[in-house]
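Enquirer: This is the structure I want to talk about, given as structure tokens.
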Amino acid sequence: MNVERRVSFRKSLDSNDVVFAPLALDPLAALLAEKAGFQAAYLSGGALGFQYAVSEALLTLTEIVDVARRITVRCGLPLIVDGGVGFGDPVHVQRAVWELESAGAVALELEDQVAPKRVHHHVGVEHLINAEAMCEKISAAVEARTDNNFLIIARTGANDHEN
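The opening position of the sequence shown corresponds to residue 280 in the working numbering, with each subsequent residue numbered one higher.
See below:
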């Protein structure tokens, strides 16, 4: 089922249609999204942290994998998972890929911030890793895949500054 779900999701991305993936923090939300006709669902680390009444920075890989597995077991929608900073260095990113593939996710989204993840509202604190370190994480994620249809999504927190 996981391979078919990933192939189907990849085909929908290859089309000219926009793919909307609403937030799903549990199987019920994913089932409602599926019933409403959405083509995918998104498990957000930040939102899951709010649901658990902790910061996203305090969520563990095990907690996110558990939620992802609960969703994919009960719902046929492709699930994109926000993996934050990948739970550490490239070797941790590899484990995240293995665990999320096993849990039935179709994609892992990684961001270019330091590990452990920082809380975003710390003004004046540098959160970004350099491009080389991010490339190492992406490469580790790609190499760790057992299914080439499992997608790696890279996200940046960089924005334009005057300086």
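Note that beta-carbon positions come from the ideal geometry of N, C-alpha and C, so glycine has one too. Nothing here was measured: the structure is a model prediction, and the numbers come from that model.
With a threshold of 16 other CB atoms inside 10 Å of the CB of N442, please say whether the residue is buried or exposed.
Expert: One-based indexing of the sequence shown puts residue 442 at position 163. Note that N442 scores 42 on pLDDT, short of 50, meaning its location in the model is unreliable and no value can be drawn from it.
Enquirer: Tell me which residue opens and which closes the alpha helix (DSSP H) that V360 is part of.
Expert: Within the sequence shown, numbered from 1, the residue matching residue 360 stands at position 81. No alpha helix (DSSP H) contains V360, which is instead part of the beta strand (DSSP E) from L358 to D361.
Enquirer: Give the DSSP-derived three-state secondary structure of I350 in the structure shown.
Expert: Start at 1 with the first residue of the sequence shown, and residue 350 comes out as number 71. In the structure shown, I350 sits in a helix (DSSP, three-state: H, G or I).
Enquirer: Does the separation of the CB atoms of D368 and E388 fall below 8 Å?
Expert: Residue numbering aside, residue 368 sits at position 89 when the sequence shown is read from its first letter. Residue numbering aside, residue 388 sits at position 109 when the sequence shown is read from its first letter. In this structure, E388 does not lie closer than 8 Å to D368 by Cβ.
Enquirer: Buried or exposed, going by whether 16 or more other CB atoms sit within 10 Å of the CB of E411?
Expert: Translated into positions along the sequence shown, residue 411 becomes position 132. Counting Cβ neighbours within 10 Å, E411 comes out exposed, since fewer than 16 surround it.
Enquirer: Compute the Euclidean distance between the alpha carbons of A386 and A332, then round it to the nearest angstrom.
Expert: If you number the sequence shown from 1, residue 386 lands on position 107. If you number the sequence shown from 1, residue 332 lands on position 53. Between A386 and A332, the C-alpha separation is close to 25 Å.
Enquirer: Going by beta carbon distance, what residues of the same chain come within less than 8 Å of T425, once the five residues before and after it are set aside?
Expert: Counting from 1 along the sequence shown, the entry for residue 425 is found at position 146. If we look at T425 and ignore the five residues flanking it on each side, its Cβ neighbours are W377 and E380.
Enquirer: So within the stretch 303–337, which uninterrupted alpha helix (DSSP H) runs reach at least 4 residues, ignoring any that extend past its ends?
Expert: 306–314 and 324–330
Enquirer: Which value, in whole angstroms, describes the spacing of the CA atoms of V421 and G383?
Expert: Working through the sequence shown from its first residue, we reach residue 421 at position 142. Working through the sequence shown from its first residue, we reach residue 383 at position 104. Near 17 Å, if we compare the C-alpha coordinates of G383 and V421.
Enquirer: Looking only at C-alpha atoms, which of A303, K416, G328 and N409 sits nearest to A320?
Expert: In the sequence shown, the residue the question calls residue 320 occupies position 41. The candidate whose alpha carbon is nearest that of A320 is A303.
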